[in-house]
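Chains A and B are the protein sequences, given in the same order.
Residues are numbered in my numbering as their position in the first sequence, beginning at 1, plus a constant of 1413.
Residues are numbered in my numbering as their position in the second sequence, beginning at 1, plus a constant of 29.
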Amino acid sequence: MSRKHDVQQPKAEVAPEVMAIHLKMKRRQKLGRGMIYLAAIVLSLWVLIPIIFITSMALTTPEMVRAYPKSILPFIPFSLDTLRFFLGSYGILDGIINSVIVAAITIVLSTLIAAPAGYALSRYIFRGRDVFRLSILAVRAFPIVVLSIPLAVAFLNLGIYDNVFSLGLMHTALVLPTAILVLSSVFASIPYELEEAAMVLGCSPVQAFRHVVVPLVLPGIAASAIFSFVLSWNEVFAASILTIQNRTLPAQVLATLSYSPDPYKFAGSFFMLIPAVIFIFIIRRYLFNMWGQVTK
Amino acid sequence: MTNQLKPPKRKKINWAPYLLIVPSFVYLLVFFAWPMVQSLILTVREDDVLLRVREDPTQTSPGIGSLERGVSVEILDQQANVISEDDLSEPGLITEVWYEVQVTDETGTMVAGWASEQRFRVRETDEDGKPIMATVRPIIGVDADPLTPIYSEPSTAGEIIAELNAQTPVDILSQRTLEIWFQISGEVDAKLITGWVQSRYIRTFPESTEGRIDRGDTGHLTFKYIRRMFNDRFFWPAFKTTLLLMVIIIPIQFILAIIMALVVQAKIKGSSIFLGIFSIALGVSDLAVGIVWYAIFTHYGYLNSILQGLGLISAPITYLSADTRHWIIIAIVLAEVWRATSLVMVIIVSGMQSISQDVLEAAEVFGATLWQRVTHVILPLLKPSLQVALILRTILALQVFAVVMAIGGGDVVTVLARETYRQYYDLRNFNMAAAFSSFILILSMIISVFYLRAVRTEQEASG
């Protein structure tokens, strides 16, 4: 902060050379600013245009979806026919219901299991803490592809194959690492002093947790639950491997992908995309916090 | 803001944190560690391929050799034997029901013993339909022994305690399902072995004493699946494409993500809006994104519409066909970059937030250009974040799947995960699927170890 002051002070009596340098820097700053805006707008368009495309395809008539050349202007004519056609297709409503059930199981289980671990990671220094954190991170990156095949064989042997509940178990494993990391950053954002103060004032550790920490972390836990929902909602490989009759929405779309018409595909893509995009947009702050913790 | 506040280290071991992490630890062990090991085992183990042939028709009898699955055998003899309740659902069982009967023999003494239901004609049943009274069937045939033996236990291995004449009335006390054992002889290594096996492992042919070993009861180590994977016609294309995609996608993603992060950190007006837009793709499903880019690249898609609208082409170009592999790859690259750059950006932005503003301002004041600031100040300070992002992205790139399926259909351009799916889903070959997935696992491990090693040596070098 103080350095900024030093630069601005010489303004009073400036030597021409200094003035020239100053102007040059200012010009460069302006130029840089313009460049940054340009980059920001170009990158935003890069992100937004495909979403606009798929949205306008999903929210128009099936005839328009097949038309060529397509109008670049979105939603002309606006219609829910394509979406209705998709939702009325075989297996889609069941798929949505299954997806929601699987996601609900995932949310409940992952929160119950991850919350204590997140708390431990954020509040205690213990032997093996770093190893545990590292292994969570490693597991987070681990191939779903590798897990699905042996679990499918095991589920077959146990007689719980093709079952939304066993898929929920699998998805819980999938989201658990992220849930632990998100929750650990959520707990870490609540000063330990608050808990200490409560204990000094006569609370037991459990009471302190119950009356001080829990109310403060509820939004964070909600965020973690939303994130778990999105991961489970999006997951397609394990869902396709572990189910046959009781497919989730992405598994159903994937299974029929090669022979389904374009309006079906586009509406399906839109339907999978939108809830996830909205949810992640709501909780993005927590994801930044999580990675801030992890990479420290 | 998220500074971690840790309580002072305690001297006594505090068990609370361990108790708190136990559930997660166990869960990850069951759903990560165990499947990983299983995947490797499935790759090198062939189950149910050898059938142990036993000296006598009992489970405990010593084996005298093993016959391979598929071998033709001669069925010499058969006899019924006890089977455990749990095994009754085994496929391929050939069973026989035996009755425990009570009868008064010629000498007037009461005997109770076992014989096959085939030997009796049921005369009376109770209200549940259970037989309670029967008579011994006459044995038709010249050579046949006219007497029906009653055994001390439900097996022909048991001792014969009585022999009954035809038409003798008996009371039925209980019944039991027995499994047939076959005495077979078959060839192994040009040597004939003869012994007893359970019928469930043998496929019999009607009106013939010939049979075939349907499955074995023991497995063995094999490199068959690994060999078959390397010889699979899709393996090398899949492997090469996966690596190619990784090598193209990751650098583009990192450059884009760093630019995004710089834009967000530049403190221009509306930077939070831009951050919001850039992080949109964080939550998108890969299948949905694949379809989005399919909508752009398909024959009557957006790209052709735009090009034709601009007058650059007169008829739509076909991008996604077997003859235009490169276009499929380009579409996949764009889709993956579009989808997963935001993850890298989030990691980099969170890393940047921990860089002290003073350092950046100092660099600016001393006249460093943006390029100089990025290469000499920001990137070196971002190293930990970049490393995490790099490991994560590389391993995730090995799993690219749904995007490939949605854009290219998964045949013209194929990747390792797609081949795993093909083996499991289309060909129903679990072992081959496990071989492919284990290959991905081992690649991921090699890459992680490589990165971690690189990080460690750097740390050692810097002290």
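For each residue, glycine too, the CB sits at the ideal point set by N, CA and C.
**OP:** Closer than 8 Å by C-beta to proline 1590 of chain A: which residues in its own chain qualify, once you throw out the five before and the five after it? Chain order, please.
**Re:** Ile1549, Leu1550, Val1552 and Arg1553
Subject >> Short CB-CB distance (under 9 Å) between serine 1682 of chain A and chain B >> reply: yes
Subject >> Whether glutamate 365 of chain B touches valine 429 of chain B by CB criterion (9 Å) >> reply: yes
**OP:** List the DSSP bridge partners of alanine 109 of chain B.
**Re:** B/Ile209
Original post:
serine 334 of chain B and proline 1475 of chain A look like a contact to me (Cβ under 8 Å); what is the Cβ gap, rounded to whole Å?
Top reply: With 8 Å as the limit, serine 334 of chain B and proline 1475 of chain A do not qualify as a contact, their Cβ atoms being about 17 Å apart.
Original post:
For glutamate 84 of chain B, which three-state DSSP category applies?
Top reply: coil
Original post:
Between arginine 98 of chain B and tyrosine 230 of chain B, what straight-line distance do the alpha-carbon atoms span, to the nearest angstrom?
Top reply: 9 Å
Subject >> Where tyrosine 454 of chain B meets chain A, residues with beta-carbon distance less than 8 Å >> reply: Ser1653 and Ile1654
Original post:
Which residue comes first and which comes last in the beta strand (DSSP E) that contains arginine 241 of chain B?
Top reply: 239-242
Original post:
Can you pull the DSSP bridge partners for tryptophan 63 of chain B?
Top reply: DSSP output for tryptophan 63 of chain B lists no bridge partner at all.
Original post:
Thinking C-alpha only, which one of B/Ser237, B/Gly121, B/Gly94 and B/Ile287 is nearest isoleucine 209 of chain B?
Top reply: B/Gly121
Original post:
If we cut at 9 Å on Cβ distances, does valine 1666 of chain A have a partner in chain D?
Top reply: The chain inventory of the structure shown lacks chain D, comprising the protein chains A and B.
Subject >> Partners in chain B for glycine 1705 of chain A, counting only beta-carbon separations shorter than 7 Å >> reply: Thr31, Ser379, Gln382 and Ser383
**OP:** For chain B, find out if any of its Cβ atoms is closer than 9 Å to the Cβ of tyrosine 1574 of chain A; answer yes or no.
**Re:** no
Original post:
Do you know how far the Cα of leucine 411 of chain B is from the Cα of threonine 31 of chain B?
Top reply: Confidence in threonine 31 of chain B is poor, its pLDDT being 47 and thus under 50, which makes the residue's placement unreliable; the coordinate value appears in the next sentence. Near 18 Å, if we compare the C-alpha coordinates of leucine 411 of chain B and threonine 31 of chain B.
Original post:
Does any C-beta atom of chain B lie closer than 9 Å to the C-beta of asparagine 1768 of chain A?
Top reply: Missing from the structure shown is residue 1768 of chain A; chain A here goes from 1414 to 1709 and no further.
**OP:** For tyrosine 329 of chain B, decide whether its Cβ has a neighbour in chain A, counting only Cβ atoms nearer than 9 Å.
**Re:** yes
Subject >> Enclosing beta strand (DSSP E) for glycine 142 of chain B [first to last residue] >> reply: 139-145
Original post:
Between the Cα of leucine 1596 of chain A and the Cα atoms of A/Arg1698, A/His1624, A/Asn1570 and A/Gly1445, which residue gives the shortest distance?
Top reply: A/Arg1698
Original post:
Which class does proline 1618 of chain A belong to by DSSP, given the choice of helix, strand or coil?
Top reply: helix
Subject >> Neighbourhood of phenylalanine 1568 of chain A by C-beta distance below 7 Å, restricted to the same chain and skipping five residues each side >> reply: Tyr1574, Ser1579 and Leu1655
Original post:
Counting Cβ pairs closer than 8 Å, one from the segment 436-443 of chain B and one from the segment 253-273 of chain B, do we hit at least three?
Top reply: yes
Original post:
Are three or more beta carbon pairs between the segment 1681-1698 of chain A and the segment 316-335 of chain B nearer than 8 Å?
Top reply: yes
Subject >> Interface partners of isoleucine 1449 of chain A on chain B, CB under 8 Å >> reply: Leu291, Val292, Ala295 and Ile297
**OP:** Along the alpha helix (DSSP H) that carries alanine 163 of chain B, what are the first and last residues, could you check?
**Re:** First-last for alanine 163 of chain B: 160-165, but that is the beta strand (DSSP E), not the alpha helix (DSSP H).
Original post:
When DSSP labels each residue in this structure, what does arginine 74 of chain B get in the three-state scheme?
Top reply: strand
**OP:** Could you pull out every residue in the same chain whose Cβ sits closer than 7 Å to the Cβ of isoleucine 277 of chain B, ignoring the five residues on either side in sequence?
**Re:** Val362
Subject >> Reduced DSSP category for phenylalanine 149 of chain B - H, G, I as helix; E, B as strand; rest coil >> reply: strand
Original post:
When you compare only the Cα positions, how much space is there between valine 478 of chain B and leucine 1587 of chain A?
Top reply: 22 Å
**OP:** Establish whether the CB of lysine 1678 of chain A and some CB of chain B are separated by less than 9 Å.
**Re:** yes
**OP:** Tell me whether aspartate 1419 of chain A sits in a helix, a strand or coil according to DSSP, three-state version.
**Re:** Confidence is the limiting factor: at aspartate 1419 of chain A the pLDDT is only 49, short of 50, which leaves the residue's position unreliable, though a coordinate-based value still follows. Helix at aspartate 1419 of chain A.
**OP:** Measure how close the beta-carbons of threonine 423 of chain B and isoleucine 279 of chain B come, nearest whole angstrom, since I'm counting them as under 8 Å.
**Re:** 7 Å
Original post:
Which ranges does the alpha helix (DSSP H) cover as unbroken runs of at least 4 residues, wholly within the segment 381-436 of chain B, from first to last along the chain?
Top reply: 386-394 and 412-426
Original post:
Quick one: is lysine 1678 of chain A buried, meaning 16 or more other Cβ sit within 10 Å of its Cβ, or exposed?
Top reply: buried
Subject >> Separation of arginine 1536 of chain A from valine 1626 of chain A, as counted between CA atoms >> reply: 12 Å
Original post:
Tell me the DSSP bridge mates of tryptophan 225 of chain B?
Top reply: B/Arg83 and B/Gln212
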